[in-house]
Amino acid sequence: MPPETDPTAAIDALRAERDAARQELADLRAWLTVKLGLLHRAPGPQGITVLSVATDREIITKIEELMKGEAQA
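Each residue of the sequence shown is one higher than the one before, starting from 2 at the first, in my numbering.
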């Protein structure tokens, strides 16, 4: 069966696109977290420091705060 008509190949292609989009969004969240100073540090197991990426809501709230401060300046 040609790849364009093979349902398994089509599903695999869609999953690959989905996974790539998820990875791109995760990278963007991580970058914004660092740039906006929202990186969360917490003690983890065996003395390891756990770094947590901010939530979408935290990122949006911080951007809104920065925009308000910019408008008032």
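Cβ coordinates follow ideal geometry from the N, Cα and C atoms, glycine included.
The structure presented is a predicted model; accordingly, all values stated were derived computationally and were not measured.
Annotation for Ala43: the continuous beta strand (DSSP E) segment containing it runs 41-44. In the displayed model, Thr50 falls within a strand according to three-state DSSP.
Take the alpha-carbon of Ala21 and the one of Thr34: they are about 20 Å apart.
Of the other Cβ atoms in all chains shown, 16 or more fall within 10 Å of the Cβ of Ala55; this residue is therefore buried. In this structure the segment 17-31 lies against the segment 50-64, because at least three pairs of beta carbons, one per stretch, are closer than 8 Å.
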